[in-house]
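One gets our numbering by counting positions in the sequence shown from 1 and adding 38 to each. All C-beta atoms in this analysis are idealised placements derived from N, C-alpha and C, irrespective of residue type, glycine included. Predicted model only: the values in this text are computed from it and were never measured. Some notes on the structure that comes next.
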Amino acid sequence: MSGLRTGLWSATLSVLVLAAAGAVGIALKQPWLFPSLGPTLMVVAETPREPAAHPRNVLVGHLVGLGAGLIGLLVTGLRSHPSAVQEGLTGHRLVAVCLAIGLTALVLQLIRCPHPPAGATTLIVALGILRTTPQLLTMALAVVGVAAVAAVVHLVRRMSAHA
């Protein structure tokens with residue numbers, strides 16, 4: 039695909055999926071949009087043959103990141119604290135972030151499931167930006183939706199390669 043076609047495809051996919059997720063979020067008053075979804079959609083659209091764009095890696099990567107972020111919060115006792123944006127960066131928060139990102143990187147490599155945008159999901163949770171149970175469940179559902187989009191893109195790409 040040419041640079042212009044890839045750019046238009048990436049822009050279109052990203053806008054449509056984020057608009058849909060945003061509309062669901064507005065309707066449900068839940069955070070269906072969060073920063074790591076943007077890079078995920080760009081990876082899926084721009085580099086569909088890369089392992090990071092595979093639907094399994096999208097889903098597992100973000101779920102591992104979400105879980106690792108939560109572990110960072112629980113280990114440091116920060117689950118009920120305000121976010122680092124509100125409370126400021128503290129030593130405990132730094133430990134939570136470092137533990138969470140290290141755990142995410144390690145697990146994703148051990149299970150051979152690379153998806154770098156998942157590191158942003160890890161930080162969103164470990165920094166306490168989204169940390170409540172309803173927020174984390176909403177993040178997980180949004181990730182399932184984006185992974186479904188990745189699956190469709192993956193399927194269409196495979197079908198067009200065989201046509």
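Ends of the alpha helix (DSSP H) at residue i?
i: R87; result: Here R87 belongs to no alpha helix (DSSP H), and DSSP marks it neither H nor E.
i: W47; result: 41-66
i: H130; result: 129-148
i: R196; result: 171-200
i: G157; result: 156-164
Rounded to whole angstroms, how far is the Cβ of residue i from the Cβ of residue j, which I believe are closer than 8 Å?
i: A59; j: W70; result: 4 Å
i: A49; j: L104; result: About 27 Å; that fails the 8 Å criterion.
i: I109; j: A156; result: Going by Cβ atoms, the distance from I109 to A156 rounds to 14 Å, so no, they are not a contact pair.
i: I162; j: G76; result: At roughly 12 Å, the Cβ-Cβ gap does not stay under 8 Å, so I162 and G76 are not in contact.
i: L116; j: G183; result: That belief does not hold up - the Cβ atoms of L116 and G183 are roughly 28 Å apart, past 8 Å.
i: V53; j: A188; result: Going by Cβ atoms, the distance from V53 to A188 rounds to 16 Å, so no, they are not a contact pair.
i: H100; j: V190; result: The Cβ separation is near 17 Å, so there is no contact.
i: A185; j: P73; result: 17 Å between Cβ atoms; not a contact.
i: L111; j: R169; result: 6 Å
i: A134; j: T114; result: 4 Å
### Message
When you compare the segment 82-89 with the segment 113-126, are there three or more beta-carbon pairs, one atom per stretch, that lie closer than 8 Å?
### Response
no
#### Entry: At least 3 beta-carbon pairs within less than 8 Å: the segment 193-200 vs the segment 137-150
no
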